[in-house]
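In the order they appear, the protein sequences are chains G and V. Numbering of the first sequence is given in the working numbering, commencing with residue 1 and proceeding in unit increments. Numbering of the second sequence is given in the working numbering, commencing with residue 375 and proceeding in unit increments. By construction, the Cβ of each residue, glycine as well, lies at the ideal position given by its N, Cα and C atoms. The structure appears below as structure tokens.
2 protein chains.
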Amino acid sequence: MLTLRTDTAERLAQLQELETPCALVDLDRLATNLDRMASYAVLHGLALRPHVKTHKSPRIAAEQLRLGAVGLTCATPRELEVMSDVSHDLLLAYPLLGDSKLKRVMNLPRSVRLTVGLDSMIAVDALGEAAEAADRDVEVLVEVDLGMHRVGVQSAAEALALALHIRSRPLLRFAGVMFYPGHIREHVQQQDQNLDRLRADVSDLIDVLRRGGVEARVVSGGSTPAAWRMHEVQGVTEVRPGTYVYNDRTTAALGACAWDDCAFTVLGTVVSTAVPGQAVVDCGAKALGREPMRGVEGEGFGALLDRPEVVVTRMSEEHGVLDLSASSWRPRVGELVRIVPNHVCIVVHLNDVIHGVRGDQVEASWPVAARGRT
Amino acid sequence: MLTLRTDTAERLAQLQELETPCALVDLDRLATNLDRMASYAVLHGLALRPHVKTHKSPRIAAEQLRLGAVGLTCATPRELEVMSDVSHDLLLAYPLLGDSKLKRVMNLPRSVRLTVGLDSMIAVDALGEAAEAADRDVEVLVEVDLGMHRVGVQSAAEALALALHIRSRPLLRFAGVMFYPGHIREHVQQQDQNLDRLRADVSDLIDVLRRGGVEARVVSGGSTPAAWRMHEVQGVTEVRPGTYVYNDRTTAALGACAWDDCAFTVLGTVVSTAVPGQAVVDCGAKALGREPMRGVEGEGFGALLDRPEVVVTRMSEEHGVLDLSASSWRPRVGELVRIVPNHVCIVVHLNDVIHGVRGDQVEASWPVAARGRT
Numbered sequence: 001m002l003t004l005r006t007d008t009a010e011r012l013a014q015l016q017e018l019e020t021p022c023a024l025v026d027l028d029r030l031a032t033n034l035d036r037m038a039s040y041a042v043l044h045g046l047a048l049r050p051h052v053k054t055h056k057s058p059r060i061a062a063e064q065l066r067l068g069a070v071g072l073t074c075a076t077p078r079e080l081e082v083m084s085d086v087s088h089d090l091l092l093a094y095p096l097l098g099d100s101k102l103k104r105v106m107n108l109p110r111s112v113r114l115t116v117g118l119d120s121m122i123a124v125d126a127l128g129e130a131a132e133a134a135d136r137d138v139e140v141l142v143e144v145d146l147g148m149h150r151v152g153v154q155s156a157a158e159a160l161a162l163a164l165h166i167r168s169r170p171l172l173r174f175a176g177v178m179f180y181p182g183h184i185r186e187h188v189q190q191q192d193q194n195l196d197r198l199r200a201d202v203s204d205l206i207d208v209l210r211r212g213g214v215e216a217r218v219v220s221g222g223s224t225p226a227a228w229r230m231h232e233v234q235g236v237t238e239v240r241p242g243t244y245v246y247n248d249r250t251t252a253a254l255g256a257c258a259w260d261d262c263a264f265t266v267l268g269t270v271v272s273t274a275v276p277g278q279a280v281v282d283c284g285a286k287a288l289g290r291e292p293m294r295g296v297e298g299e300g301f302g303a304l305l306d307r308p309e310v311v312v313t314r315m316s317e318e319h320g321v322l323d324l325s326a327s328s329w330r331p332r333v334g335e336l337v338r339i340v341p342n343h344v345c346i347v348v349h350l351n352d353v354i355h356g357v358r359g360d361q362v363e364a365s366w367p368v369a370a371r372g373r374t
Numbered sequence: 375m376l377t378l379r380t381d382t383a384e385r386l387a388q389l390q391e392l393e394t395p396c397a398l399v400d401l402d403r404l405a406t407n408l409d410r411m412a413s414y415a416v417l418h419g420l421a422l423r424p425h426v427k428t429h430k431s432p433r434i435a436a437e438q439l440r441l442g443a444v445g446l447t448c449a450t451p452r453e454l455e456v457m458s459d460v461s462h463d464l465l466l467a468y469p470l471l472g473d474s475k476l477k478r479v480m481n482l483p484r485s486v487r488l489t490v491g492l493d494s495m496i497a498v499d500a501l502g503e504a505a506e507a508a509d510r511d512v513e514v515l516v517e518v519d520l521g522m523h524r525v526g527v528q529s530a531a532e533a534l535a536l537a538l539h540i541r542s543r544p545l546l547r548f549a550g551v552m553f554y555p556g557h558i559r560e561h562v563q564q565q566d567q568n569l570d571r572l573r574a575d576v577s578d579l580i581d582v583l584r585r586g587g588v589e590a591r592v593v594s595g596g597s598t599p600a601a602w603r604m605h606e607v608q609g610v611t612e613v614r615p616g617t618y619v620y621n622d623r624t625t626a627a628l629g630a631c632a633w634d635d636c637a638f639t640v641l642g643t644v645v646s647t648a649v650p651g652q653a654v655v656d657c658g659a660k661a662l663g664r665e666p667m668r669g670v671e672g673e674g675f676g677a678l679l680d681r682p683e684v685v686v687t688r689m690s691e692e693h694g695v696l697d698l699s700a701s702s703w704r705p706r707v708g709e710l711v712r713i714v715p716n717h718v719c720i721v722v723h724l725n726d727v728i729h730g731v732r733g734d735q736v737e738a739s740w741p742v743a744a745r746g747r748t
């Protein structure tokens, strides 16, 4: 049972009392989502190291850890600092560069076992020097590009060279490799071809490293849409999904969750129905983010939870335009709506507080503690 | 001379000491931008009521007021609350709906002369009741749709009906009309046709109201690209530009400022050059926003200040991909870059602090005090 449920002792408010726009999480759906991924990982013997970028909340992270996560994945120094309160095993899945960031990360509590992912000799040297200055052991994962073409070394040979360079620095420990299969964004049922390629690449990578005398203890991969199939890729030891806690319109469209697994919505108020054929809500780009659907068809920037055919087709900063052409619903000015955003991680980053709800009852509110930079 | 210049007494830091990603404002360009719009308004006898959504900082607002702005325009209760510290003449250019928002706004200091823009009978009644409960006078502008098709009544006759309804509520005062010409997004030199239409509509609107016995004391219009031509629309008394303080890549492309008037940049660090033909910076959608160019051609989500041919073509949450194909520049991992975003208002909303710079010197830092909702 979800620990967050303990907050139910005191009923905080009714949905109608909240000020819009604000962020809501359905607590029962959250609990189900947390359970499902934890069970998947256990069942397939994969270590689960959830990415906190989606929720940025120690409270949700603590729940993930309680359900068996081995540690947490972070993208920023702020996320590391906040999450060091709840976990002593943190991966910074991001090259650590710049004096200020290096200093902050080296100042994490000594009890934290720190791992950093990177893809360049310069990043190895910067990290090695900082580790030596701080007299601190750091585990290192070499990031490999297996199709996303964002970051990551381009070949197994380059990975080996970087691994050997890591081993040459006194306080750095080569732990293994990581990749981000964010390019595998087909519907979950149609990922076969990309997975074939991934299987071959991972196998080759492990072989080349081994022949070079380097053992990849950790092979870390898996975003939310692809995580569900990572057990089919031999050699992968760990998954780092983020979005699965809340899910969103894109995740549902990709088949990586059902519409009824979307736990996160933005609560909005209809502020104008003056222009025929549309209703305007107080959720614009500053509340919903302007994220397109990716890897899947889908117009607009979000859809109503209870009327997914009603889509936010246009936005200004504080206005969202609901296209009513596919619906007979005609809202009244002042009516509340709940919008499932296209990409939940971006929306969480726009909020300072999340409200946990069951039906129309607000049962908990928690800060997005790792939002921002400092 | 810019009041912010007083901060120069103490040198805070060098650019190189800042942690990336972070938001920078060139103080000299800011001063020039503030002066230029203030001068335009004075020269043409237009009241300047800048929209604070762009900067969300009382410090910049105070400077706008010092240069002659008659008051400020806000979009949210938070903006009103924060700005009530520096101005006693505030326009909420947004329908005020929902008990929580109404209560907050009615609790603004009594010294604030409050004006609210709206477009529905429901919003008039909600505002009238709140004003009566708080025993507070409220000025009201009727929002009219003059081509943006977002909010606003659809005809002069509807505007008149709403004006008369406003006059029927004891504490509401009909002040005039407002429109947002956000649809006029051609290059400033090519706006003639849309302005012809606007001129006819404004003239008709004022006539219909007058014949109905209602005088529009205020006729408020003008976003940053169109503001520069509002003196050509007879009857307009006030402009509400926001973006002009900082400007952005879109504003420059629309000809509403020069590239060298772009005062706002996001400072980033190159974190990976592993994938050929590109460099990855630590400015993704959570630092730059995912805003397309609007009303003008332009790929990507931002461009380098000193190399506008280098564009952020792809983004993840914390990664921005610089396309190097149009440039011979090949950055090194760890190098700093300054990115002019497509839409600055969204980027400011992503930051808690802004750093004011001259060259490589950081001379001031100020909070984005009106960011967030509460």
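With 16 other Cβ atoms within 10 Å as the buried cut-off, status of residue i
| i | result |
| --- | --- |
| E589 (chain V) | exposed |
| D459 (chain V) | exposed |
| D635 (chain V) | buried |
| V416 (chain V) | exposed |
| A175 (chain G) | buried |
| P50 (chain G) | buried |
| S120 (chain G) | buried |
| T380 (chain V) | Any reading at T380 (chain V) is ruled out, since the residue's pLDDT is 42, under 50, leaving its predicted position unreliable. |
| A755 (chain V) | A question about residue 755 (chain V) goes unanswered here, because the residues of chain V that appear run from 375 up to 748. |
| H343 (chain G) | buried |
| P555 (chain V) | buried |
Three-state class that DSSP yields for residue i in the structure shown
| i | result |
| --- | --- |
| R113 (chain G) | strand |
| Q567 (chain V) | helix |
| S646 (chain V) | strand |
| M375 (chain V) | Summary for M375 (chain V): the model assigns pLDDT 42, below 50, so the residue's position carries little reliability; its value from the coordinates is reported in the next sentence. If DSSP states are grouped into helix, strand and coil, M375 (chain V) belongs with coil. |
| Q234 (chain G) | coil |
| V312 (chain G) | strand |
| D381 (chain V) | Any reading at D381 (chain V) needs caution, since the residue's pLDDT is 47, under 50, leaving its predicted position unreliable; the model's value is listed next. Here D381 (chain V) sits in helix by DSSP. |
| R585 (chain V) | helix |
| S577 (chain V) | helix |
| A31 (chain G) | helix |
| W703 (chain V) | coil |
| G356 (chain G) | strand |
Extent of the continuous alpha helix (DSSP H) to which residue i belongs
| i | result |
| --- | --- |
| A157 (chain G) | 156-168 |
| L72 (chain G) | Taken as a continuous stretch (DSSP letters only), L72 (chain G) belongs to no alpha helix (DSSP H), being part of the beta strand (DSSP E) at 72-74. |
| T598 (chain V) | 598-601 |
| Q64 (chain G) | 58-66 |
| R747 (chain V) | Per DSSP, R747 (chain V) belongs to no alpha helix (DSSP H) and is neither H nor E. |
| P77 (chain G) | 77-83 |
| V518 (chain V) | No alpha helix (DSSP H) contains V518 (chain V), which DSSP labels as neither H nor E. |
Terminal residues of the beta strand (DSSP E) in which residue i lies
| i | result |
| --- | --- |
| A175 (chain G) | 172-178 |
| Q652 (chain V) | 652-655 |
| D697 (chain V) | 694-697 |
| C396 (chain V) | 396-400 |
6 Å Cβ shell around residue i - same chain, five flanking residues per side excluded
| i | result |
| --- | --- |
| G672 (chain V) | A627 |
| T394 (chain V) | L641, G642, T643, D656 |
| D257 (chain G) | The identity of residue 257 (chain G) in the sequence shown is Cys, whereas the question assumes Asp. For C257 (chain G), where only same-chain residues beyond five positions count, the Cβ hits under 6 Å are N247, T251. |
| V233 (chain G) | L198, R199, V202 |
| G117 (chain G) | A93, L141, E143, M178 |
Cβ-based neighbour list, residue i, same chain, cut-off 7 Å, excluding 5 preceding and 5 following
| i | result |
| --- | --- |
| G637 (chain V) | Sequence inspection shows Ala at residue 637 (chain V); the Gly mentioned does not correspond to that position. The answer, listed in chain order, is V399, D400, R403, L404, N407, Y620, N621. |
| R78 (chain G) | A370, G372, R373, T374 |
Neighbourhood of residue i by C-beta, 8 Å cutoff - its chain only, sequence neighbours within 5 removed
| i | result |
| --- | --- |
| D680 (chain V) | R712 |
Distance cut-off 8 Å: residue i Cβ against heavy atoms of the ligand ATP
| i | result |
| --- | --- |
| A370 (chain G) | No copy of the ligand ATP occurs in the structure displayed, which carries no ligand at all. |
Inter-stretch contact at 8 Å, needing at least 3 Cβ pairs: the segment 350-357 of chain G / the segment 23-30 of chain G
Here the segment 350-357 of chain G lies against the segment 23-30 of chain G, with 3 or more beta-carbon pairs under 8 Å apart.
Check whether the segment 541-561 of chain V touches the segment 326-341 of chain G, taking contact to mean three or more Cβ pairs, one atom from each stretch, closer than 8 Å.
Touching, no, given that fewer than three Cβ pairs across the two stretches are closer than 8 Å.
Closer than 8 Å is the cut-off here; do at least three beta carbon pairs connect the segment 225-239 of chain G with the segment 39-59 of chain G?
Contact between the segment 225-239 of chain G and the segment 39-59 of chain G is established, with three or more Cβ pairs separated by less than 8 Å.
Would you check if there are 3 or more beta carbon pairs closer than 8 Å linking the segment 152-159 of chain G to the segment 90-98 of chain G?
The segment 152-159 of chain G is not in contact with the segment 90-98 of chain G.
Cβ contact (3+ pairs, closer than 8 Å) linking the segment 103-115 of chain G and the segment 130-146 of chain G:
With the cut-off at 8 Å, the segment 103-115 of chain G and the segment 130-146 of chain G touch.
At a cut of 8 Å, does the segment 194-206 of chain G reach the segment 686-699 of chain V through at least three beta carbon pairs?
Result no; under three Cβ-Cβ pairs closer than 8 Å.
Name, going along the chain, the residues of the segment 91-123 of chain G whose beta-carbon falls closer than 8 Å to a beta-carbon of chain A.
The structure shown contains no chain A; its protein chains are G and V.
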